[in-house]
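**Q** Following our numbering, the numbering of the sequence shown begins with 197 at its first residue and continues without gaps. Glycine included, C-beta positions come from ideal geometry on N, C-alpha and C.
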Amino acid sequence: MYKRSGIKMEDSETVEGLLSLPPPIVAIAINGDSNSKYVVKWALDKFVLEGNMMFKLLHVRPMVTTVPTPTVGNFIPITEVRDDIVAAYVKEVEWQTDEKLILFKKMCAQRKVQVEVLQIESDDVVNAIAGEVARCNIKRLVIGASSRGIFSRGRRLSSRISEGTPSYCTVYAVSKGKLSSVRPSDSETSENMKDNTSDSSCSTSSSSRYSFSSQAEWTEADSVSTHSQFRSPSLPMQRLQALSTVNQTFYHTKANSFNYDHSRKVSFDIERTNKFASARPSYEDLDYAEISSNRHLVTDSNQLTSDQASTSSAPPIEYSSESQVNVNFELEKLKIELRHIQGMYALAQSETRDASRKLNDLNKQRMEEAVKLKEIKDKEEEARELAKRETEKYRAAKTEADYVNECALREISERKDAETRAFRETREKEKLENALAGSVQQYQTFTWEEIVSATSSFSEDLKIGMGSYGTVYKGSLHHTTAAIKVLHSQEVHRTKEFLQEVEILSKIRHPHLLILLGACIDHGCLVYEYMENGSLEERLFRKNNTPAIPWFERYRIAWEVASALVVLHHAKPKQVIHRDLKPANILLDHNLVSKIGDVGLSTMRQQDSTSISTTYRNTGPVGTLSYIDPEYQRTGLISPKSDVYAFGMVILQLLTAKPAIALTHVVETAIDDGNLTEMLDPEAGNWPIEETKELALLGLSCAELRRKDRPDLKDHVLPALERLIDIADKARALVSNGHRFPPNQFICPILREVMDDPHVAADGYTYDRKAIEKWFEENDKSPMTNLPLSSKSLIPNHTLLSAIMEWKGGK
C-alpha cells in the first residue's frame, strides 16, 4: 500500500506520522430532495465499512439577492432593504436549510460516523463544489445523478461537476440508491494503465513492426468521448478496446499468411466488433444487467483476439502454420476472458456483500417491526379492555347517580310535605292554645255527642291504648286529630284525680308537657293532642315492630323530660310532683319530641310550706313499683327528689332498653367490670362510650336509695344533660347529611373508631391490630376486663373484616 502511494517507510517516526494523519474525508453533495437520501445512504453503506472515515455533507444554496415582501408577495433587491432586515432574512434562510438537512445528519448519526454539514452560498454549483473539494483536498466525492432537483438544470449537472472536480478526486454518481457511473482519479487511472501495460508488455514489443495507426486514432477518439462523461472507461469498455486492438493487429498479420476466405471472415468479424465499439454506451448509462446481456458479443470478438497473444509471446510474426496462430489466438482470448471474469467476480462479490448486509438489515428491521406490532396489538387490547371497564363503571355510576337523584327528589318532596303538615299543625295548635288561653277555664268543653262522634261510637278500630284508669281513642274534633281518654265508669271515686289533672294541664304550659285540648266533665273524658309515635315504652321495647330510637335522640329525650320536670317542680304558686314518671307516661310525636302526660296522680303543694312531705293515710304509695322512691315507700314522705329517682330509672332504660327491675344493680356492676358496652341497646347505633358512661353514672346517681344522695335536678342534672345534648345535635346533623353510624361491633374498644384490621385477643374481645399491639407494649392485662391475659397472641377476625368492608362500601 505504501509503495503504490509513493511513500517510503524509512523509520518508525514516519509510520507514526502517517498514523496521526486526520481521517480521510468523503464529501457528499446533497440538495435536500428525495434522491439525496439515497445518495447519503449509498455513501454510508459504501465507505463506513472501510474504517475511520469523516463525512462532509455539501449543500449549495443560491445567494440571497432579494427579500420577499410580507403582504404583496413580490421580491425587493437587498440593496433597497435595511441591513438588519437582510440579516434576519439570511438567518431565516439558513435556519430553514438546517431544518431540511437534519434528516441527513441523523442518518449519519445513526451509523455513528463523524459528520460535518457545510452550507455553501453560491449561484454556481459546479465551481462551489469543486472549490470546496480543492480547499479540503477531498479524495472522494459522491453526487446525485437524478433527473430532478438541483442536478437537472440545463445539461446534466453530474457530468459538469465531474469535469470541474480536481483530477485527484474520485467522483461517484448515484441514482435512486444505485451507482450510476464513476470518474476515477488520476492515481487510479495510472495504476490501471500500469497493470494493463505490464500484462501486455510482451505483446507490444513483439508487434512493433506492424502498423497501429488506425488503433491510435480509435484510442484518441475513444479518449475524447470518454472524457466527456468520465476520464477513464469502464471495465466493459476496456474489454472492447482490447478486442478492437487485437482485431486490427490480427487483420494486418493475417493479410500475408491466411487465405482469402479466412481473411474475409476476420474482416467481417472486425467490422462487427468496430460497429459495436463505435456505438458503445458510457458506464453511467449501463447497469449490471446490460453488461451481462452483452457478454455474447464479447465472446464472438474473442475469436479474433488470440493473435495478439501469439504476437506477444512469439518472435517477429512469421507464422509457420495456421495451427500455431490459432493456439496463440486462443491463449490471448483466454487471458482477456480471465481478466474480465475476475473483474465481474469482484463486482458480483461486492454486490453480494452489500445485498447480504441489506438483507440482514431488512430482517432485523422486520423483526423489530414485528415486535412493535405485537406491542401495539397488546396495547390496543389493553386499551379495549380499559375502555370496556370504564364504560361499565360509567354505566354503574350513572345508574347510581340516577338513583341518588331520585332519592333526593323524593326526600325533598317528603320534606316539603312534612314542613307543610308541621306548619299547618302548628297553626292549629296555636289557634287552640289562643282559644284556651282566652277562656276562663283555659280549656275547651266538649259535649258527649261530640266525643261519641269523634270516636265513631268508641270503635275498636280507633282504640290506641288502655290503662288502669281508662281507655284512649283516636278521634277528630274540629278538624284536629286528638287522643280522647275515657275514664272507666267504675272509677267515679277518682273524680278528684280527674279534676286535678284538668287543673294542672290547663294551667301549666310547656313544650314537653302534654297539651290538654279540652274535656267533657260530665262523662270523665279528657281530650289531648295526638302523639303519633305513642309512648316511650312502646318504642324502647319495640312492641309494635317500630323502628329503634337512635342514641342521639335518646340523649335529647332525657334532656326534654328533665326540663319538663324542672318546670313542674318550680311551678307557682304551687309546685307539682308527678309521682308516676315512667316510659309509659312519656309520649312521642311524629318528630320523636317527648312530652310528659298522665299527671292525674300528681300532687301540688305551696312553695313556702315548711313541710316537704305529704302523708297518705289508709293507702299505700301510688305509682309503678319499680319507679317509686324507696324512701317514699318506707316513710310515705313525698318530695321532688321522688321524681328524680324515677327519672334516673328512665335514663337507665333509655341506655339499655331493659326492664326496670334490678336495673340499677346490673348497670352498676357492668360499669365496675368494664362491660358497659354489652349493656347498651345495640339497636341505637354506635354509642359514644365516654359520654354514654357519663350519662349512665348520672342515672345511677339519680337512682340512689337515699334522697339526700340524689343530685339536684335544676342545678346538677340539667346542666350535665345540656353538655351531652350538644354531642347529640352534632351526630343528628351528620345523619341528616347522609352519614351512617357504624354498628358497635365495628368499633375498636381502645381507639373508639372503626377497625381497619380486627383481631381477636386472648380475652375474647376484638381489637384493631395496631391498637392492641401498642397496648401490649405497656400492659399485660385485658383492656376490657382488666384481668391478666394468658397470652398475647392475636387471631384475625376475617368475618368481621368482611362485614366492615361491606359497610364501608355501602356507606
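Should the segment 856-867 be regarded as contacting the segment 742-762, the criterion being three or more beta carbon pairs within less than 8 Å?
**A** no
**Q** Relative to the alpha-carbon of residue 360, which residue among 255, 337 and 219 has its alpha-carbon at the smallest distance?
**A** Here residue 360 refers to the residue found at position 164 of the sequence shown. Of the listed residues, the one whose Cα sits closest to residue 360 is 337.
**Q** Going by other Cβ atoms of all chains shown within 10 Å of its Cβ, with 16 needed for buried, is residue 561 buried or exposed?
**A** Taking the first residue of the sequence shown as position 1, residue 561 is located at position 365. Exposed, by the Cβ-count rule.
**Q** For residue 785 versus residue 727, is the C-beta spacing smaller than 7 Å?
**A** Walking along the sequence shown from the start, residue 785 turns up at place 589. Walking along the sequence shown from the start, residue 727 turns up at place 531. Taking 7 Å as the Cβ cut-off, residue 785 and residue 727 qualify as a contacting pair.
**Q** Can you tell me whether residue 728 is helix, strand or coil according to DSSP?
**A** Your numbering for residue 728 matches position 532 in the sequence shown. Coil, per DSSP.
**Q** Cα separation between residue 986 and residue 956?
**A** Counting from 1 along the sequence shown, the entry for residue 986 is found at position 790. Counting from 1 along the sequence shown, the entry for residue 956 is found at position 760. Looking at the two C-alpha atoms, the distance is approximately 13 Å.
**Q** For residue 584, which beta-bridge partners are listed by DSSP?
**A** Residue 584 sits at position 388 when you count from the first residue of the sequence shown. In DSSP, residue 584 forms no bridge with anything.
**Q** If you follow the alpha helix (DSSP H) that residue 317 is part of, which residue opens it and which one closes it?
**A** Indexing the sequence shown from 1 puts residue 317 at position 121. No alpha helix (DSSP H) contains residue 317, which is instead part of the beta strand (DSSP E) from 310-317.
**Q** Helix, strand or coil for residue 834? Go by DSSP, reduced to three states.
**A** Mapped onto the sequence shown, residue 834 falls at position 638. The answer is coil: DSSP assigns residue 834 none of H, G, I, E or B.
**Q** By DSSP, does residue 960 sit in helix, in strand, or in coil?
**A** As a first step, residue 960 is located in the sequence shown; it is residue number 764 there, counting from the start. Three-state result, residue 960: coil.
**Q** Taking only three categories from DSSP, how would you classify residue 1001?
**A** If you number the sequence shown from 1, residue 1001 lands on position 805. Three-state DSSP puts residue 1001 in a helix.
**Q** Rounded to whole angstroms, what is the Cα-Cα separation between residue 237 and residue 229?
**A** Mapped onto the sequence shown, residue 237 falls at position 41. Mapped onto the sequence shown, residue 229 falls at position 33. Approximately 13 Å, taken between the alpha carbons.
**Q** Between the C-alpha atoms of residue 485 and residue 372, what's the straight-line distance to the nearest angstrom?
**A** The sequence position of residue 485 within the sequence shown is 289, counting from 1. The sequence position of residue 372 within the sequence shown is 176, counting from 1. Because residue 485 carries a pLDDT of 36, less than 50, the predicted location of this residue cannot be relied on, and the following value inherits that uncertainty. Rounded to the nearest angstrom, the two C-alpha atoms are 16 Å apart.
**Q** Can you tell me whether DSSP reads residue 967 as helix, strand or coil?
**A** Residue mapping note: residue 967 aligns to position 771 of the sequence shown, counting from 1. Residue 967 sits in a helix when the DSSP states are folded into three classes.
**Q** Under three-state DSSP, which class holds residue 901?
**A** The residue given as residue 901 occupies position 705 in the sequence shown. It is coil, neither helix nor strand.
**Q** Alpha carbon to alpha carbon, how far is residue 306 from residue 298? Give it in angstroms, no decimals.
**A** Taking the sequence shown and counting its residues from 1, the one referred to as residue 298 is at position 102. Taking the sequence shown and counting its residues from 1, the one referred to as residue 306 is at position 110. The alpha-carbon atoms of residue 298 and residue 306 are separated by roughly 12 Å.
**Q** CB-CB under 8 Å to residue 261, same chain, minus the five flanking residues each way: which ones, in chain order?
**A** Translated into positions along the sequence shown, residue 261 becomes position 65. Result list for residue 261: 273 and 274, in chain order.
**Q** With a 10 Å radius around its C-beta and 16 neighbouring C-beta atoms as the bar for buried, classify residue 982 as buried or exposed.
**A** If you number the sequence shown from 1, residue 982 lands on position 786. Residue 982 is exposed by the Cβ-count criterion.
**Q** Out of 671, 943, 979 and 589, point me to the one whose CA is closest to residue 869's CA.
**A** For the purposes of this step, residue 869 is taken as residue 673 along the sequence shown, with counting starting at 1. Residue 979 is the option with its Cα nearest to residue 869.
**Q** Quick check: residue 317 and residue 257, are their CB atoms within less than 7 Å of each other?
**A** The residue labelled residue 317 in the question sits at position 121 within the sequence shown. The residue labelled residue 257 in the question sits at position 61 within the sequence shown. For residue 317 and residue 257, yes; Cβs fall inside 7 Å.
**Q** My assumption, with CB atoms under 8 Å, is that residue 792 sits in contact with residue 708. Please give the rounded CB distance.
**A** What you label residue 792 is simply residue 596 of the sequence shown in a count that begins at 1. What you label residue 708 is simply residue 512 of the sequence shown in a count that begins at 1. About 6 Å separates the two Cβ atoms, so the contact holds.
**Q** DSSP three-state label for residue 951, please.
**A** In the sequence shown, the residue the question calls residue 951 occupies position 755. DSSP places residue 951 in coil when its eight states are reduced to three.
**Q** Is the beta carbon of residue 954 sitting closer than 7 Å to the one on residue 993?
**A** The sequence position of residue 954 within the sequence shown is 758, counting from 1. The sequence position of residue 993 within the sequence shown is 797, counting from 1. For residue 954 and residue 993, yes; Cβs fall inside 7 Å.
**Q** Tell me residue 662's beta-bridge partners as DSSP assigns them.
**A** One-based indexing of the sequence shown puts residue 662 at position 466. In the DSSP output, where bridge partners are listed per residue, residue 662 has 667.
**Q** Secondary structure at residue 944, three-state DSSP: helix, strand or coil?
**A** For the purposes of this step, residue 944 is identified with residue 748 of the sequence shown, where counting begins at 1. Look at residue 944 here: in three-state DSSP terms it is coil, with no helix or strand label.
**Q** Throw me the rounded Cβ distance for the residue 701 and residue 789 pair, which I believe falls under 8 Å.
**A** Residue 701 sits at position 505 when you count from the first residue of the sequence shown. Residue 789 sits at position 593 when you count from the first residue of the sequence shown. Not quite, the Cβ-Cβ distance comes to about 17 Å (not below 8 Å), so this is no contact.
**Q** Which value, in whole angstroms, describes the spacing of the CA atoms of residue 773 and residue 781?
**A** Position 577 of the sequence shown, counted from the first residue, corresponds to residue 773. Position 585 of the sequence shown, counted from the first residue, corresponds to residue 781. In a straight line, the C-alpha of residue 773 is about 14 Å away from that of residue 781.
**Q** For residue 255, which beta-bridge partners are listed by DSSP?
**A** Numbered from its first residue, the sequence shown carries residue 255 at position 59. BP columns for residue 255 point to 315.
**Q** Within this structure, are the beta carbons of residue 940 and residue 882 separated by less than 7 Å?
**A** As a working note, residue 940 is residue 744 in the sequence shown. As a working note, residue 882 is residue 686 in the sequence shown. Yes.
**Q** If you drop the 5 nearest sequence neighbours on each side, which residues of the same chain put their C-beta closer than 6 Å to that of residue 620?
**A** The sequence position of residue 620 within the sequence shown is 424, counting from 1. No residues qualify anywhere along the chain.
**Q** Helix or strand or just coil, what does DSSP make of residue 822?
**A** Working through the sequence shown from its first residue, we reach residue 822 at position 626. Looking at residue 822 - three-state DSSP - the assignment turns out to be helix.
**Q** With H, G and I counted as helix, E and B as strand and the rest as coil, what does DSSP make of residue 841?
**A** Indexing the sequence shown from 1 puts residue 841 at position 645. Looking at residue 841 - three-state DSSP - the assignment turns out to be helix.
**Q** Thinking just about the alpha-carbon of each residue, which of 522, 769, 341 and 648 is nearest to the one in residue 679?
**A** Here residue 679 is taken as the residue at index 483 of the sequence shown, counted from 1. Comparing Cα-Cα distances from residue 679 to each of 522, 769, 341 and 648, the minimum goes to 648.
**Q** Give the DSSP bridge partners of residue 340, in chain order.
**A** The residue given as residue 340 occupies position 144 in the sequence shown. 370.
**Q** Around the C-beta of residue 140, are 16 or more other C-beta atoms found within 10 angstroms, so that it is buried, or is it exposed?
**A** Outside the displayed range of the chain (197 to 1007) lies residue 140, so it cannot be described from this structure.
**Q** For residue 365, count the other beta carbons within 10 Å of its own beta carbon; 16 or more makes it buried, fewer makes it exposed. Which is it?
**A** Start at 1 with the first residue of the sequence shown, and residue 365 comes out as number 169. Buried, by the Cβ-count rule.
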